[in-house]
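Asker: If you're matching positions, the sequence shown starts at 1 in the UniProt record's numbering and goes up one per residue. Heads up, the beta-carbon is just placed ideally off N, CA and C, and yes, glycines get one too. What follows is a structure written as structure tokens; I'll ask about it next.
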Amino acid sequence: MNTESEIKVFAGSTGKDFAEKICIYLKSQLGKSRVITFSEGNIYVKVEETVRDKDVYLVQSIGLRPNDEFTEILFWIDAFKRASANSVTVIMPYFSYAKGDKKDEPRVSIRGRVCTECIELAGADRVVTMDLHSPQIQGFFKKPVDHLFALPILCEYINSLKIEDLVVVSPDSGFAKEARKFARYLKLPVAIGDKEREGHDENAKIIEIVGNVKGKNALIVDDFSISGGTLIDLANELKKRGVNRIFACLSHVLLNKDGVTKLENSPIEKLISTDSVYNPYVMGSKKVKVISVAPLFAETISRIHKRESVSPLFNKVPIEVLQIEE
């Protein structure tokens with residue numbers, strides 16, 4: 001579809017690669033813009049073409065630099081609104097602060113609520129995101145939110161690997177419901193890890209695995225990982241319990257430099273994830289396979305713009321979306 005004269009897609013400082021893939025799918029041109037970060041950390045953004053009366057789509061995840069990326073999104077929304085854009089839709093493949101969804105102890109901020117209110121107050125008309133850590137975050141927004149899922153795209157790739165005797169493994173009971181969705185799609189059994197976390201750090205200990213895994217191949221599924229600690233601890237435990245080959249699947253790959261090193265030295269054969277977060281640390285890693293979900297977001301933009309339903313994309317995606325892979 002040629003939407004160059006109708007849809008304006010712009011990219012934040014960490015969203016350019018993803019936005020360019022969206023534009024390839026839409027047969028459109030990426031909007032001209034500029035971001036400058038001054039020496040003291042001050043962020044300056046400028047829209048370098050007219051957007052008057054246009055429907056604008058801003059592409060930027062809140063990922064490895066969440067505070068800078070979030071602030072930049074607010075400035076972009078304000079710039080588009082002051083330039084008389086008809087509407088501003090934030091394309092946010094990963095929303096880091098979705099982890100801050102509740103007040104589970106005294107004197108803490110509900111960070112997700114603060115962020116959603118700021119995005120709306122800046123002037124966003126709609127948000128499109130994927131695999132929120134806490135789906136109830138959608139309720140924090142008063143504006144429409146389209147919550148996409150990477151599962152169909154990831155599962156189709158996993159099916160293409162033709163791994164026999166595979167079992168889906170959830171790292172904990174909290175992700176068990178999502179793990180069962182993977183298992184239903186792939187028509188596989190499920191096992192569940194039991195982990196405990198003592199503090200607010202990124203270290204958790206696997207203490208038990210519920211389910212039959214001996215002599216099988218395992219697919220560990222989770223929404224994201226930063227240090228890789230839980231994934232690798234679970235993989236080591238699975239090896240102790242007689243698992244042969246181990247694969248992992250994430251919606252968002254946020255592995256830091258140390259996490260990638262740990263992955264390279266772990267029993268995990270392949271980590272499959274999406275390009276929802278710009279992550280230079282995983283580039284060049286032979287163990288990381290990145291599948292692009294940019295076509296999924298591009299199809300969503302197309303449907304929003306044409307006033308068509310987005311909900312069919314939640315469970316099944318068009319073949320043209322599946323065929324475009326990074």
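#1: Any chance you could list the beta strand (DSSP E) runs of at least 3 consecutive residues sitting entirely within the region 78–130, in chain order?
#2: Hey, L255 and I246: beta-carbon distance below 8 Å or not?
#3: Around the Cβ of residue 408, are there at least 16 other Cβ atoms within 10 angstroms (buried) or fewer (exposed)?
#4: Could you tell me whether the region 306–314 touches the region 271–278, using the rule of 3 or more Cβ pairs below 8 Å?
#5: Need the endpoints of the alpha helix (DSSP H) that A179 sits in, please.
#6: Based on Cα-Cα distance, which residue from Y94, G41 and D258 lies nearest to V282?
#7: What did DSSP end up calling Y281 once you bin it into helix, strand or coil?
#8: Using the Cα positions of I7 and A235, report the straight-line distance between them to the nearest angstrom.
#9: Do the CB positions of K287 and K306 come within less than 8 Å of each other?
#10: Hey, could you find the ends of the alpha helix (DSSP H) V260 is sitting in?
#11: Since T300 and L148 should fall inside the 8 Å C-beta cutoff, what is the C-beta to C-beta distance between them, to a whole number of angstroms?
#12: Skipping 5 residues on each side, what residues in its chain have a beta carbon closer than 8 Å to that of K316?
#13: What residues match up with S170 in a beta bridge as DSSP calls it?
#14: Can you name the start and end residues of the alpha helix (DSSP H) that N244 belongs to?
Answerer: Taking the structure as given:
#1: 87–92 and 126–130
#2: no
#3: Summary: the structure shown does not reach residue 408, with the chain confined to residues 1 through 326, and so no result is reported for it.
#4: no
#5: A176 to L186
#6: D258
#7: helix
#8: 45 Å
#9: no
#10: K257 to E264
#11: 6 Å
#12: P152
#13: I192
#14: Taken as a continuous stretch (DSSP letters only), N244 belongs to no alpha helix (DSSP H), as it is neither H nor E.
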